[in-house]
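**Q** Have a look at this one.
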Amino acid sequence: MTTAPRTDLPLRDLMTGALYALILLQLVQLAAGLAQVPPHPASAVLPIIAATAALGLFALPLVRAGRRAGAYVGIVFCAAAMIGMGPHKLFLQDGGVIAPVALTGFALELAFIAAAVMSLRR
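Residues 98 to 219 (this note's numbering) are what the sequence shown spells out, left to right.
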C-alpha cells in the first residue's frame with residue numbers, strides 16, 4: 098500500500114517560516130520596550146506584545162505537526178500581531194523609523210493567513 102505524497106508541506110513550511118519571523122519581531126519589540134530603546138512601544142502595551150508572542154509560540158508546534166488548530170491559532174496570532182505591525186504604524190510620529198518592521202511584519206502576516214486559509218481548504 099502506497100500513500101499519496103503530502104501536498105501541504107510547502108504551505109506548512111511557509112506558515113512555519115512566517116511564524117518564526119513574526120515571533121522574532123514580537124520579541125524584538127518586547128525587548129525594545131523593556132530596554133526603553135527609542136522608538137519603543139509604551140510600557141502599557143508590553144503585556145499585549147508578550148501575550149501575542151506567546152500565542153505565536155503556541156501555534157508553532159501545531160503548525161509544524163500539520164494540525165488544523167495550528168492554522169486557526171496562527172490566524173488569531175497574526176490578527177493580534179497586526180496591532181503592533183501593520184501599515185497603520187506608518188502614520189505614527191516615528192513611522193519612518195519603524196517602517197521596516199511594520200511592513201515586513203504585515204507582509205509576513207498576510208503570507209501566513211493566505212497559506213493557512215489554503216491549507217484549511219484542503
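Ideal Cβ placement from N, Cα and C applies to all residues, glycine included.
If I measure Cβ to Cβ from Ala156 and keep anything under 7 Å in the same chain, skipping five residues before and after, which residues do I get?
**A** Position 59 of the sequence shown, counted from the start, is the residue given in the question as residue 156. If we look at Ala156 and ignore the five residues flanking it on each side, its Cβ neighbours are Leu116, Gly167, Val170, Gly171 and Phe174.
**Q** Tell me the DSSP secondary structure of Asp110 in three-state form.
**A** On the sequence shown, residue 110 is found 13 positions in, with the first residue counted as 1. Note: Asp110 maps to helix in three-state DSSP.
**Q** Keeping to the same chain, check which residues put their C-beta closer than 7 Å to that of Ala199; ignore five residues upstream and five downstream.
**A** For the purposes of this step, residue 199 is identified with residue 102 of the sequence shown, where counting begins at 1. If we look at Ala199 and ignore the five residues flanking it on each side, its Cβ neighbours are Met182, Gly183, Pro184, Lys186 and Leu187.
**Q** Cβ of Leu122 within 9 Å of Cβ of Gly202?
**A** The sequence position of residue 122 within the sequence shown is 25, counting from 1. The sequence position of residue 202 within the sequence shown is 105, counting from 1. Going by C-beta atoms, Leu122 is nearer than 9 Å to Gly202.
**Q** Using the Cβ count rule (16 or more neighbours within 10 Å means buried), how would you classify Arg109?
**A** Taking the sequence shown and counting its residues from 1, one reaches residue 109 at position 12. By the 10 Å Cβ count, Arg109 comes out buried.
**Q** Would Ile120 pass as a contact of Gly153 if the rule is Cβ separation under 9 Å?
**A** Along the sequence shown, read from residue 1 onward, the residue named residue 120 stands at position 23. Along the sequence shown, read from residue 1 onward, the residue named residue 153 stands at position 56. Yes, they are a contact pair.
**Q** In chain order, what residues of the same chain lie with their CB nearer than 7 Å to the CB of Ala150, ignoring the 5 residues before and after it?
**A** Indexing the sequence shown from 1 puts residue 150 at position 53. These residues qualify, in order along the chain: Ile120, Gln123, Leu124 and Leu127.
**Q** Express the C-alpha separation of Arg219 and Val134 in angstroms, rounding to a whole number.
**A** The residue given as residue 134 occupies position 37 in the sequence shown. The residue given as residue 219 occupies position 122 in the sequence shown. Rounded to whole angstroms, Val134 to Arg219 spans 44 Å at the Cα level.
**Q** The alpha helix (DSSP H) spanning Met215 covers which residue range?
**A** By 1-based counting over the sequence shown, the position of residue 215 is 118. Looking at the DSSP string, the run of the alpha helix (DSSP H) that includes Met215 is Gly192 to Leu217.
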